[in-house]
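What follows is a set of notes on a single structure, which appears directly below.
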Amino acid sequence: MLNRIAVCLLLVTLFACSSRQTPAPVVEAKAKVPLSKQVRNSLSGAEYIVKKGETLYSISWRAGLDVRTLASINNISPPFKIFPGQKIFLAKKSVKPSKNKRSSKTFHNQQQKVVKKPVATNKKQEYGENVRGQKTYRKPSNDSGTFSQKIRTWKWPAKGKLINKFSTRKQGSKGIDIAGNRNDSVKAAADGKVVYAGDVLRGYGQLIIVKHNDDYLSAYAHNNQILVKEQQTVKAGQTIAKMGDSGAERVMLHFEVRFRGKPVNPLKYLPRR
C-alpha cells in the first residue's frame, strides 16, 4: 500500500514538472534594456554634478529642460561651457520669507523717512548679464547667432521601417524608432549645429544632438559610428552617423525632436512617406 502511494506521488510530481510550458525566467547581467523601457528624464532632484564628456545640452536633455532655462538658473553664458565636477542646479532656489517681524507703526515711520527719487536699479538679464536701468543690445554669440531662423524643411533621418511611435505616456517612447541595417546612413533632419556627440547618456548609446534654432533640437541615438564633431554645422540630409545598436536591443535609429526642452511627436514634422 505504501509503495503504491509513493508511486502515485512520483507520477504527480513528474507530470507537474513536464507540464511547464514556459521556461524559467533568466536574468542576463549584461542584457541591453530597450530605450522604450527606460526613463528618459533620468535626472531628478535640485542639483547635479557634471561628469566627464557631458555638456549643458546633454544634461538639459536628460532633465527635460530647455538649455536656456538651465543656463539662466546657473548664470552660464553662451557657449554654455561646463567642466567635470561642476555643480549644476536643476531648479531655482526657493527664497525663504524673512522671519523678522516689524510692527505696523515702525514700518509706517520708516516709510515717511524715505525720500522719493529716481534710482537706477540693476536688472538681471538672461544668462547672468547685468544692466543699469536700461535695455542694452547684446550681440548674438557664436552659439546662437544663426539659429533664430525658421526650419524650412524637415527630412527623414533614415530609410527603413517605422517600428515604434511616439508616446505621451510617462514610460512611453519620447521619439520614433526606425529599423535598418548596420552602417546604414543616419542623416540630419534639418539644418543646424551639433551641440553634443558622445555616449555618456545612459540608454542612448552613441548619440548626436543637433540644435536647429533657439527652440528645436533633434537627437539621433544607437549609432555605430559618429561622423560629426560638436560645434560642427550640418545641412538637412547630410550623413552624420552610421546606424547601429549601441545601447539598444537591435540595429535601429531612435530619433527625437524637442521643442524648448520638451519631447514632441517627430511625425508631426517629418514629411509623409
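Going by this note's numbering, the sequence shown opens with residue 18, and the numbers climb by one from there. Each residue gets a CB set at the ideal place from its N, CA and C atoms; glycine is no exception. Computed from a predicted model, the values in this text were never measured in an experiment.
Please report how far the alpha carbon of R219 lies from the alpha carbon of K259, in whole angstroms. Taking the sequence shown and counting its residues from 1, the one referred to as residue 219 is at position 202. Taking the sequence shown and counting its residues from 1, the one referred to as residue 259 is at position 242. Cα to Cα, R219 sits roughly 19 Å from K259.
Nearest CA to the CA of K104: which residue from L73, H239 and P96? Looking up residue 104 in the sequence shown gives position 87. The shortest Cα separation from K104 among L73, H239 and P96 belongs to L73.
Checking contacts by CB at 8 Å: is K187 closer than that to chain D? Note that chain D does not occur in the displayed structure, where there is just one protein chain.
Alpha carbons only, please: which of I195, S190 and P101 is nearest the one belonging to K176? Walking along the sequence shown from the start, residue 176 turns up at place 159. When each option's Cα is compared against that of K176, the closest is I195.
Element boundaries [alpha helix (DSSP H), containing T86]: Numbered from 1 along the sequence shown, position 69 holds the residue referred to as residue 86. Run containing T86: V84 to I90, per the alpha helix (DSSP H) assignment.
Note the first and the last residue of the continuous beta strand (DSSP E) segment covering S202. Taking the first residue of the sequence shown as 1, we reach residue 202 at position 185. That run of the beta strand (DSSP E) goes S202 to K204.
Cβ pair count under 8 Å reaching 3, the region 186-193 against the region 206-224: no
What's the C-alpha gap between I243 and G102? For the purposes of this step, residue 243 is taken as the residue at position 226 of the sequence shown. For the purposes of this step, residue 102 is taken as the residue at position 85 of the sequence shown. Distance between the alpha carbons of I243 and G102: 26 Å.
My output table needs one value for A236: the three-state DSSP class, helix, strand or coil. Numbered from its first residue, the sequence shown carries residue 236 at position 219. In this structure, A236 counts as strand in the three-state DSSP scheme.
Residues in the same chain with beta-carbon distance under 6 Å from A80, minus the five sequence neighbours each way, listed in chain order, please. On the sequence shown, position 63 is the one that residue 80 refers to. So the list reads L60 and L107, once near-sequence residues are dropped.
Just to confirm, is the Cβ distance from D232 to R277 under 8 Å? Along the sequence shown, read from residue 1 onward, the residue named residue 232 stands at position 215. Along the sequence shown, read from residue 1 onward, the residue named residue 277 stands at position 260. Yes.
Measuring only the C-alpha atoms, how far is F272 from S77? By 1-based counting over the sequence shown, the position of residue 272 is 255. By 1-based counting over the sequence shown, the position of residue 77 is 60. About 17 Å.
I'd like the list of long-range same chain contacts for W173, defined as Cβ closer than 6 Å, with 5 residues on each side in sequence excluded. Counted from its first residue, the sequence shown places residue 173 at position 156. The answer, listed in chain order, is L287.
Beta-carbon proximity of I180 to H229, cut-off 8 Å: The residue labelled residue 180 in the question sits at position 163 within the sequence shown. The residue labelled residue 229 in the question sits at position 212 within the sequence shown. In this structure, H229 does not lie closer than 8 Å to I180 by Cβ.
Quick check on this structure: which residue in K204, K109, A63 and A238 has the alpha carbon closest to the alpha carbon of S263? Walking along the sequence shown from the start, residue 263 turns up at place 246. With distances taken between Cα atoms, S263 lies closest to A238.
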